[in-house]
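Undergrad: Here it is, the structure in full.
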Amino acid sequence: MAAALSEILRKSPRCQGLVMVTRPCVASAKLSTDATKHQNNSEINKPSIFEPKMYSLKRGTGGRSSFNGVVATVFGATGFLGKYVSNKLGKIGTQIIIPYRGDHYDVLRLRLVGDLGQVLFFPYHLQDEESIRKAMKYSNVVINMVGRDWETMNFKYKDVNVTGARTIARLARECGVKRLIHFSSLNCETPEGLGILPDGSQFLRTKYQGELAVREEFPDATIFRPADIWGQEDRFVKYYAHHWRRFFQWVPLWHRGEKTIKQPVYVSDVAQGVINAIKDPDTAGQTYDLIGPKRYQLGELVDWLFRVMRRDEEWGYRRTDLRWSPMFQMRISATQKFSPSWPIAYLNWDKIERDHITDVPTGNPTLEDLGVTLTDMESRMHWELRPHRAAAYYDEELGEFAPPVPPKTVSANARI
1 MAAALSEILR
11 KSPRCQGLVM
21 VTRPCVASAK
31 LSTDATKHQN
41 NSEINKPSIF
51 EPKMYSLKRG
61 TGGRSSFNGV
71 VATVFGATGF
81 LGKYVSNKLG
91 KIGTQIIIPY
101 RGDHYDVLRL
111 RLVGDLGQVL
121 FFPYHLQDEE
131 SIRKAMKYSN
141 VVINMVGRDW
151 ETMNFKYKDV
161 NVTGARTIAR
171 LARECGVKRL
181 IHFSSLNCET
191 PEGLGILPDG
201 SQFLRTKYQG
211 ELAVREEFPD
221 ATIFRPADIW
231 GQEDRFVKYY
241 AHHWRRFFQW
251 VPLWHRGEKT
261 IKQPVYVSDV
271 AQGVINAIKD
281 PDTAGQTYDL
291 IGPKRYQLGE
301 LVDWLFRVMR
311 RDEEWGYRRT
321 DLRWSPMFQM
331 RISATQKFSP
341 SWPIAYLNWD
351 KIERDHITDV
361 PTGNPTLEDL
371 GVTLTDMESR
381 MHWELRPHRA
391 AAYYDEELGE
401 FAPPVPPKTV
411 SANARI
């Protein structure tokens, strides 16, 4: 009788995957009748905890220690932006699956972005479709932030921005993922050369090709086009503050930065935009320009960054023209050639090209349309650049140094 009882429970669809303890005193005929009722009951077709999709589990209140019904696979979570996005996802009770490549110690600190058991890690490779499929098969949201500002010996721009993006989008559709958020780049539609590189930026060109590939595979994908993102450990402010980006105390810029307008955006605002897009189903299939609240001439912006670092003209700072700086041009070429996997200060010719392209919004919706209150650079830059100040360990007296003069802004319609 016990054997018959175990066999009936094993075949019941509501008991799949459960280990049941049975008692011989229960009548087998009654259990058989109950099992038949369960099979014929219409309730069995509703989402239950026995379905393979984890997001069908009961939802909580939406806080960190609950489950909000979102299972998100975050590709590129170990990058600069990915850490902020993962942290905001964890705060609202999201279960996060983080695929990683390389050493598992690289993702160790990301355990803290969510509650215990809510952050899961899975090794993958961008050219291994099976590992990508396993990383997203239980998810209803996939975020693709995979990218690199330079080419490496193993991955070229096309491998990551086009082929990899297409693979993730295709597999997400095959796995039944409901929402895909793909990160591209501002200015990717107009990568014409400025005279620095004859064919323009290959990074921007492949980013646009990647957008087209994602649209083909996953038409309802939400595409984000961020401008230069600033914040802790970024590749914009930290890039200009690095000693390798300047020639002694001089900072070479193309046309001295006077023909370029930039509109940098704060990293936390971008991450909040991702959260708001996930919550709003109307964002599916949309393309967003992620830009900051103010526009600056690049030369004026760099001048201000060095004033904040207390490295002004008295210190020896001077902005020069990169076109007439052959020694610094040799430094760029040497850095790109002899340290291709991780160039010092991210210095390479393609980035120099992108640095001097004016940010031109295309009329797409922005972060403000997603309900994000934008953060201006003046309110936080003194904190972001504090580790890079001259005489950083000097214990100053209150009011000893006058606050730096803020940078001049450029109107939205201005063109240089």
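By the UniProt record's numbering, the letter at position 336 of the sequence shown is numbered 336, and the numbering carries on one by one without gaps.
Glycine is no exception: its CB is placed at the ideal position from the N, C-alpha and C atoms.
Note that the coordinates shown come from a computational prediction; the quantities given were computed from them, not determined experimentally.
Going by other Cβ atoms of all chains shown within 10 Å of its Cβ, with 16 needed for buried, is S201 buried or exposed?
TA: Looking at its Cβ environment, which holds 16 or more other Cβ atoms inside 10 Å, S201 is buried.
Undergrad: Measuring only the C-alpha atoms, how far is G63 from I275?
TA: Near 14 angstroms, if we compare the C-alpha coordinates of I275 and G63.
Undergrad: Out of F80, C188 and E300, which one is the CA nearest neighbour of Y288?
TA: Cα-wise, what sits closest to Y288 is C188.
Undergrad: Assign Q272 to one of three DSSP states: helix, strand, or coil.
TA: Residue state, collapsed to three classes: helix.
Undergrad: Mark H125 as exposed unless 16 or more other C-beta atoms lie within 10 angstroms of its C-beta, in which case mark it buried.
TA: Burial call: exposed.
Undergrad: Straight-line CA distance for F401 to H182?
TA: One C-alpha to the other measures close to 44 angstroms.
Undergrad: Take R354 and list the residues in its own chain whose beta-carbon comes closer than 7 angstroms to its own, dropping the five residues that flank it on each side.
TA: Same-chain partners within the cutoff: S201, F203 and L204.
Undergrad: Helix, strand or coil for D355? Go by DSSP, reduced to three states.
TA: Of the three classes helix, strand and coil, the one that applies to D355 here is helix, per DSSP.
Undergrad: Suppose the cutoff is 6 angstroms on Cβ atoms and the five residues either side in sequence are ignored; what does the same chain contact list for M330 look like?
TA: Same-chain partners within the cutoff: there are none.
Undergrad: Return the CA-CA distance between S32 and A172, expressed in angstroms with no decimal places.
TA: At S32, the pLDDT of 42 sits below 50, so the modelled position is not reliable; the number obtained from the coordinates is stated separately. When rounded, the distance between both Cα atoms is 40 angstroms.
Undergrad: With R133 as the anchor, note down where its alpha helix (DSSP H) starts and where it stops.
TA: Taken as a continuous stretch (DSSP letters only), the alpha helix (DSSP H) holding R133 covers E129 to M136.
Undergrad: Jot down the residue ranges of each uninterrupted beta strand (DSSP E) in the segment 129-211, minimum 3 residues, whole runs only, in chain order.
TA: The qualifying runs are 141-144 and 179-183.
Undergrad: Under the rule that 16 or more other beta-carbon atoms within 10 Å means buried, what is A241, buried or exposed?
TA: Buried, since its Cβ has 16 or more Cβ neighbours within 10 Å.
Undergrad: Given that a residue counts as buried once 16 or more other Cβ atoms are within 10 Å of its Cβ, and exposed if not, what is A412?
TA: So A412 ends up on the exposed side.
Undergrad: Counting along the chain, where does the alpha helix (DSSP H) carrying I97 start and finish?
TA: Counting along the chain, I97 falls outside any alpha helix (DSSP H), though it belongs to the beta strand (DSSP E) covering Q95 to Y100.
Undergrad: Of the residues S65, D395 and I357, which one's Cα is nearest the Cα of Y296?
TA: Considering only alpha carbons, the answer is I357.
Undergrad: Buried or exposed: which applies to W254, given that a residue is buried once 16 or more other Cβ atoms fall within 10 Å of its Cβ?
TA: By the neighbour-count rule (16 or more Cβ atoms within 10 Å), W254 is buried.
Undergrad: Using alpha carbons as the reference points, say which of I332, G316 and E368 lies closest to R323.
TA: Nearest of I332, G316 and E368 to R323, Cα basis: I332.
Undergrad: May I have the straight-line CA-CA distance separating K30 from P219, to the nearest angstrom?
TA: Note that K30 has pLDDT 38, beneath the 50 cutoff, so the model's placement of it is unreliable and the number below is only indicative. Whole-angstrom Cα-Cα distance: 51 angstroms.
Undergrad: I need the boundaries of the alpha helix (DSSP H) containing T335, first residue and last residue.
TA: First-last of the alpha helix (DSSP H) with T335: P326 to F338.
Undergrad: For A391, count neighbouring Cβ atoms within 10 angstroms of its own Cβ and tell me buried if that reaches 16, exposed if not.
TA: Exposed: under 16 other Cβ atoms inside 10 Å.
Undergrad: V160: buried (16+ other C-beta within 10 angstroms of its C-beta) or exposed?
TA: When all chains shown are included, V160 counts as buried.
Undergrad: Cα separation between L398 and G231?
TA: For L398 and G231, the distance between alpha carbons rounds to 26 angstroms.
Undergrad: Please tell me whether G147 and A227 are closer than 8 angstroms, where the distance is taken between their beta carbons.
TA: Cβ atoms of G147 and A227: not closer than 8 angstroms.
Undergrad: Can you have a look at Q249 and say buried or exposed, based on whether 16 or more other CB atoms are within 10 angstroms of its CB?
TA: Answer is exposed; the Cβ neighbour count stays below 16.
Undergrad: Exposed or buried, R109, counting other C-beta atoms within 10 Å across all chains shown (16 or more means buried)?
TA: Label assigned to R109: exposed.
Undergrad: If we count the other Cβ atoms within 10 Å of its Cβ and call it buried at 16 or more, is K83 buried or exposed?
TA: Classification of K83: buried, given that the 10 Å Cβ count is 16 or more.
Undergrad: Might you give, ordered along the chain, the residues of its own chain that have their beta carbon closer than 6 angstroms to the beta carbon of residue 421, omitting 5 neighbours on each side?
TA: Shown here, the chain extends from 1 to 416; a query on residue 421 therefore has no answer.
Undergrad: Buried or exposed: which applies to residue 418, given that a residue is buried once 16 or more other Cβ atoms fall within 10 Å of its Cβ?
TA: The first residue shown for the chain is 1 and the last is 416, placing residue 418 beyond what the model contains.
Undergrad: Going along the chain, which residues of its own chain have a beta-carbon closer than 8 angstroms to the beta-carbon of W349, five neighbours each way excluded?
TA: Excluding residues within five positions, the ones whose Cβ falls inside 8 angstroms are I196, L197, I332, S333 and Q336.
Undergrad: Within this structure, are the beta carbons of V214 and I143 separated by less than 8 angstroms?
TA: Result no, Cβ atoms of V214 and I143 do not sit closer than 8 angstroms.
Undergrad: L347 and V237 - do their beta-carbons sit closer together than 8 angstroms?
TA: The answer is no: Cβ separation not under 8 angstroms.
Undergrad: Mapping DSSP to helix, strand and coil, what is P408?
TA: Residue identity check: residue 408 is Lys in the sequence provided, not Pro. If DSSP states are grouped into helix, strand and coil, K408 belongs with coil.
Undergrad: Anyone know if the C-beta pair for K134 and F122 falls short of 8 angstroms?
TA: In this structure, F122 lies closer than 8 angstroms to K134 by Cβ.
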